[in-house]
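Below is one structure, written out as structure tokens; the observations come after it.
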Ligand SMILES: [Zn+2]
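In this note's numbering, the protein residues as written are 23 to 284.
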């Protein structure tokens, strides 16, 4: 059983992540379940320019794409709502979106780089209170840019002890060491394996336990063979020999089942 906790759909900029790529790659690589969020909920483009004037999506419609995808693939696809705290924010429409989505919604997702907003910003607060109310875990892109730093994810997690936070990428573009320490310091903070070197994943597990790491990949960001990347090949292969069987099961699906209530 394998659950990929970090998957996207959406066509924008240089990204072409069609729902059928998700389904085809899951079949090809034996992935049983994916937690998916919609990349077209970005608030700025890759260079932090405003989105093109003819941009079709708002917080509601971007996420309805994920909800529709999850509904069409019940039992294989769960939806994470990608929030737009800077240009839209938490409002009645957001609550309506979540209520309309119903049981296929499993959590919230933030991308501080594409929102140009750190997790410590005031605009994020109402989303996090809502996550606490609904029992949703929150997944956050983390990297070394000014908005996405692991320490901001840590601060948000510290301020909301009753919400579980997944620090995606464990600090993309870093050696992961600082982010691993932050994850180890809070009981409600976790990491995922998306573009994380297997040695770093192993370090987190050996230091703070297998319950701290979730398998995630950004599939299908590199197309239907994203899972063929050497990092993911290693998680499917050698990595298995380096942790106990029970720990491996936690990382590949058990932690996701527990945190996302699957
Ligand atoms: Zn991602």
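Note that CB positions come from ideal geometry on N, CA and C, so glycine has one too.
Computed from a predicted model, the values in this text were never measured in an experiment.
Residues in its own chain within less than 6 Å of residue i by CB, not counting five upstream and five downstream?
i           : result
residue 262 : 270
residue 53  : 24 and 26
residue 41  : 31 and 91
residue 74  : none
When the Cα of residue i is compared with those of the options, which residue comes out closest?
i           : options               : result
residue 206 : 72, 223, 219 and 196  : 223
residue 69  : 136, 161 and 215      : 136
residue 132 : 162, 140 and 264      : 162
residue 83  : 63, 99, 94 and 72     : 63
residue 171 : 181, 155, 195 and 154 : 195
residue 113 : 189, 100 and 151      : 151
residue 144 : 181, 123, 125 and 122 : 181
residue 184 : 37, 48, 154 and 111   : 154
residue 255 : 235, 187, 219 and 46  : 219
residue 284 : 230, 127, 109 and 173 : 127
residue 81  : 48, 38 and 106        : 106
residue 50  : 268, 259 and 250      : 250
Helix or strand or just coil, what does DSSP make of residue i?
i           : result
residue 85  : helix
residue 47  : helix
residue 269 : helix
residue 23  : coil
residue 97  : coil
residue 283 : coil
residue 108 : coil
residue 70  : coil
residue 55  : strand
residue 131 : strand
residue 29  : strand
residue 38  : strand
Once the 5 residues before and after residue i are set aside, which same chain residues still bring their CB inside 8 Å of it?
i           : result
residue 240 : 28, 29, 30, 216, 217 and 248
residue 237 : 24, 25, 26, 27, 214, 215, 257, 273, 274, 275 and 278
residue 265 : 224, 227, 232 and 273
residue 260 : 220
residue 118 : 82
Can you find the residues in the same chain that come closer than 7 Å, C-beta to C-beta, to residue i, ignoring five residues on each side of it along the sequence?
i           : result
residue 190 : 28, 161, 162, 163, 164, 214, 216 and 238
residue 34  : 61, 62 and 64
Q | Runs of alpha helix (DSSP H) wholly within the stretch 185-237 (minimum 4 residues, chain order) | A | List check, alpha helix (DSSP H) in window: 199-207 and 220-230.
**Q.** alpha helix (DSSP H) runs contained entirely in the stretch 133-189, provided each spans 4 or more residues
**A.** Taken in chain order, the whole alpha helix (DSSP H) runs of length 4 or more contained in the stretch 133-189 are 134-137, 147-156 and 172-181.
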